[in-house]
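Trainee: First the structure, which I've put down as structure tokens, then a few questions once you've had a look.
Here it is as structure tokens:
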């Protein structure tokens, strides 16, 4: 991986930063100078109504979208300055993803789905499937390893998605509405497992949600309104890099 | 929380001494605030007077009151009726916060900032309750769930009100 540019000032203890990110889709602005700092090992929630820009922010932080202006940083590296190949490698090795509808491959078994990212990272097949079994067990779906994910219930599928994200031992888990398609009790169980196991692994978790009960699992919460991030610790004040450092 | 009806409900399980009732009340319903013995015995006395419970003969032993109380049919009916009656929905937050927001708009003060502060307080409380759920017994989880859903509803109202502030300001200042 090529060494990308390192900004002059990196906030101490921060693993992820958004610095003045602007992103538009056509004529529609989604982010209008979003700033954010997420510390190593913390669970951080980004709340906001539909269309507020919170998912766009997550996608920029995860290197899926490239900001029109501003920077997304991971571990001091400017993600948007990396080559596409390096960004892909970063996503594959350091990031785990949990989306609202799991985004599993329905034709593959649960074990295949969990093992797949490991196989893509050239983990030996036997090791990948053993790791997959271990994580499916931890998520309480060890008996579903041989089932196609298209045949699983929503809650089971989401547990498989969490197992898939954690099996890579990622530094960061990005979760976009991870319980959005689940009933309350199932959603709570998924959140309990996601946060407990992430803490156990020392992973940082960034959760995007419109659900305050999900956000309440986080140690810190920010809200996004009209493409600008507001810290809940400093109500009414748009977050800036300096404020984000101060708040942390 | 209605102490007399809760004690009466506990009596419906089985005839009990005041001491046992207090212990179970404190365990399941006290939430850190113990029921004084005096209140237990005074309540049992009133329930007996009103024919909802009957006291057995005094039993030998230490303590202020060694009578065993049993629920009567009238008491059972009372508990049944109480359980079946819906609790009055209390939009407590809206009445206070509604007044604050409306006044702030009338006075040209920063209603949006007040709502942000309220939102932060709500989220902090939800974080505390979520942590309580992670570590507490199931009875506490149940209570925390109740509080969390109410706080969530309040938050939705806060968010909606924040989105409507401009229209609300017009409505309350153009009268």
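Protein chains in written order, with my numbering: chain A, 368 to 615; chain U, -6 to 168. From the three backbone atoms N, C-alpha and C, an ideal C-beta is built for every residue, glycine too.
1. Counting beta carbon pairs with one atom in the segment 575 to 591 of chain A and one in the segment 135 to 155 of chain U, are three or more of them shorter than 8 Å?
2. Residues of chain A with a CB under 8 Å from the CB of residue 123 of chain U: which are they?
3. Between residue 496 of chain A and the rest of its own chain, which residues show a CB-CB distance below 7 Å, the 5 nearest in sequence each way excluded?
4. Are the beta-carbon atoms belonging to residue 161 of chain U and residue 98 of chain U less than 8 Å from one another?
5. Using the beta-carbon of each residue, which ones in chain A are nearer than 7 Å to residue 152 of chain U?
6. Considering just the uninterrupted stretch of the beta strand (DSSP E) at residue 396 of chain A, what are its terminal residues?
7. Please list the partners that residue 141 of chain U has in chain A, where partner means a Cβ-to-Cβ separation under 9 Å.
8. Do residue 408 of chain A and residue 473 of chain A have their beta-carbon atoms positioned less than 8 Å apart in this structure?
9. Pick from A:420, A:429, A:386, A:388: whose alpha carbon is nearest that of residue 539 of chain A?
10. Under 8 Å between beta-carbons, which chain U residues line up against residue 588 of chain A? List them in chain order, please.
11. Thinking C-beta only, is residue 111 of chain U closer than 8 Å to residue 96 of chain U?
12. Would you tell me roughly how many angstroms separate the C-alpha atoms of residue 568 of chain A and residue 37 of chain U, rounded to the nearest one?
13. Among residues of its own chain, excluding the 5 on either side of residue 63 of chain U, which ones have a beta-carbon nearer than 6 Å to its beta-carbon?
14. Okay, do the segment 588 to 596 of chain A and the segment 551 to 568 of chain A touch, 3+ Cβ pairs below 8 Å being the bar?
15. Consider the Cβ of residue 529 of chain A: report whether some Cβ of chain U lies at a distance smaller than 8 Å.
16. Once DSSP output is grouped into helix, strand and coil, what is the label at residue 163 of chain U?
17. Going by C-alpha to C-alpha distance, which of A:521, A:453, A:442 sits closest to residue 470 of chain A?
18. Examine the Cβ distances between the segment 420 to 440 of chain A and the segment 386 to 400 of chain A and report whether three or more of them are shorter than 8 Å.
19. Quick check on DSSP: helix, strand or coil for residue 144 of chain U?
20. For a minimum of 3 consecutive residues, which ranges assigned as the beta strand (DSSP E) are wholly contained in the segment 503 to 567 of chain A?
21. Our contact map puts residue 575 of chain A next to residue 413 of chain A with C-beta atoms below 8 Å; I'd like the distance itself, whole angstroms only.
22. So what does residue 444 of chain A bridge to, in DSSP terms?
23. Classify residue 414 of chain A as helix, strand or coil using the three-state DSSP reduction.
24. Based on the DSSP secondary-structure assignment, which residues constitute the bridge partners of residue 576 of chain A?
25. For a contact defined as C-beta to C-beta under 7 Å, what are the partners of residue 67 of chain U on chain A?
26. Mind listing the chain U neighbours of residue 599 of chain A? Cutoff is C-beta to C-beta under 9 Å, in chain order.
27. In chain A, which residues lie with their C-beta within 8 Å of the C-beta of residue 148 of chain U?
28. Residue 145 of chain U touches chain A at which residues, Cβ-Cβ below 7 Å?
29. Of all the options U:121, U:1, U:16, which has the alpha carbon lying nearest to the alpha carbon of residue 45 of chain U?
30. Of the choices A:578, A:394, A:560, A:446, whose alpha-carbon is the least far from that of residue 548 of chain A?
31. Give the DSSP-derived three-state secondary structure of residue 25 of chain U in the structure shown.
32. Assign residue 422 of chain A to one of two classes, buried (16 or more other C-beta atoms within 10 Å of its C-beta) or exposed (fewer than that).
33. Can you have a look at residue 555 of chain A and say buried or exposed, based on whether 16 or more other CB atoms are within 10 angstroms of its CB?
34. How long is the line joining the alpha carbons of residue -5 of chain U and residue 72 of chain U, rounded to whole angstroms?
35. Near residue 545 of chain A, which residues of its chain fall below 6 Å by C-beta distance, leaving aside the five closest residues on each side in sequence?
36. Residue 506 of chain A and residue 526 of chain A look like a contact to me (Cβ under 8 Å); what is the Cβ gap, rounded to whole Å?
Mentor: The relevant details are as follows:
1. yes
2. One-based indexing of the second chain puts residue 123 of chain U at position 130. The contacting residues are 580, 583, 584.
3. Indexing the first chain from 1 puts residue 496 of chain A at position 129. 478, 482, listed in sequence order.
4. As a first step, residue 161 of chain U is located in the second chain; it is residue number 168 there, counting from the start. As a first step, residue 98 of chain U is located in the second chain; it is residue number 105 there, counting from the start. Result yes, Cβ atoms of residue 161 of chain U and residue 98 of chain U sit closer than 8 Å.
5. Your numbering for residue 152 of chain U matches position 159 in the second chain. The contacting residues are 416.
6. As a first step, residue 396 of chain A must be located in the first chain, where it is residue number 29. Per DSSP, residue 396 of chain A belongs to the beta strand (DSSP E) from 395 to 406.
7. Looking up residue 141 of chain U in the second chain gives position 148. Residues of chain A passing the Cβ test: 579, 580, 583.
8. Here residue 473 of chain A refers to the residue found at position 106 of the first chain. Here residue 408 of chain A refers to the residue found at position 41 of the first chain. Contact flag unset, no.
9. In the first chain, residue 539 of chain A corresponds to position 172, counting from 1. Residue A:429 is the option with its Cα nearest to residue 539 of chain A.
10. Taking the first residue of the first chain as 1, we reach residue 588 of chain A at position 221. The contacting residues are 116, 120.
11. Locating residue 96 of chain U in the second chain gives position 103, counting from the first residue. Locating residue 111 of chain U in the second chain gives position 118, counting from the first residue. The Cβ-Cβ distance between residue 96 of chain U and residue 111 of chain U does not fall below 8 Å.
12. Along the first chain, read from residue 1 onward, the residue named residue 568 of chain A stands at position 201. Along the second chain, read from residue 1 onward, the residue named residue 37 of chain U stands at position 44. Spanning the two alpha carbons is a distance of roughly 54 Å.
13. In the second chain, the residue the question calls residue 63 of chain U occupies position 70. Only 8, 47 meet the Cβ criterion.
14. no
15. Here the question's residue 529 of chain A lines up with position 162 in the first chain. No, no contact with chain U.
16. Taking the second chain and counting its residues from 1, the one referred to as residue 163 of chain U is at position 170. In the structure shown, residue 163 of chain U sits in a helix (DSSP, three-state: H, G or I).
17. Here residue 470 of chain A refers to the residue found at position 103 when the first chain is read from its first residue. It is A:521 whose Cα lies nearest to the Cα of residue 470 of chain A.
18. Counting Cβ pairs under 8 Å, three or more are found: they touch.
19. The residue given as residue 144 of chain U occupies position 151 in the second chain. Three-state result, residue 144 of chain U: helix.
20. 539 to 543
21. Within the first chain, the letter at position 208 stands for residue 575 of chain A. Within the first chain, the letter at position 46 stands for residue 413 of chain A. Confirmed, Cβ separation roughly 5 Å.
22. What you label residue 444 of chain A is simply residue 77 of the first chain in a count that begins at 1. BP columns for residue 444 of chain A point to A:441.
23. The count along the first chain starts at 1 and reaches residue 414 of chain A at position 47. In the structure shown, residue 414 of chain A sits in a strand (DSSP, three-state: E or B).
24. To locate residue 576 of chain A, count along the first chain from 1; it is residue 209. DSSP lists A:414 as the bridge partner or partners of residue 576 of chain A.
25. On the second chain, position 74 is the one that residue 67 of chain U refers to. Simply none; closest approach about 38 Å.
26. For the purposes of this step, residue 599 of chain A is taken as the residue at position 232 of the first chain. Result: 109, 112, 113, 116, 117.
27. Residue mapping note: residue 148 of chain U aligns to position 155 of the second chain, counting from 1. Residues of chain A whose Cβ lies closer than 8 Å to the Cβ of residue 148 of chain U are, in chain order, 579.
28. Working through the second chain from its first residue, we reach residue 145 of chain U at position 152. Under the 7 Å cutoff, chain A gives 579, 580.
29. As a position in the second chain, residue 45 of chain U is number 52, starting the count at 1. Taking only the C-alpha atoms, the option nearest residue 45 of chain U is U:1.
30. Taking the first residue of the first chain as 1, we reach residue 548 of chain A at position 181. If we check each option's Cα against that of residue 548 of chain A, A:578 comes out closest.
31. The residue you call residue 25 of chain U lines up with position 32 of the second chain. Coil.
32. On the first chain, position 55 is the one that residue 422 of chain A refers to. Classification of residue 422 of chain A: buried, given that the 10 Å Cβ count is 16 or more.
33. If you number the first chain from 1, residue 555 of chain A lands on position 188. Buried is the call here.
34. Sequence index remark: in the second chain, residue -5 of chain U carries index 2 (1-based). Sequence index remark: in the second chain, residue 72 of chain U carries index 79 (1-based). Looking at the two C-alpha atoms, the distance is approximately 11 Å.
35. Within the first chain, residue 545 of chain A is the residue found at index 178, counting from 1. 465, listed in sequence order.
36. For the purposes of this step, residue 506 of chain A is identified with residue 139 of the first chain, where counting begins at 1. For the purposes of this step, residue 526 of chain A is identified with residue 159 of the first chain, where counting begins at 1. Contact flag correct, Cβ pair sits at about 4 Å.
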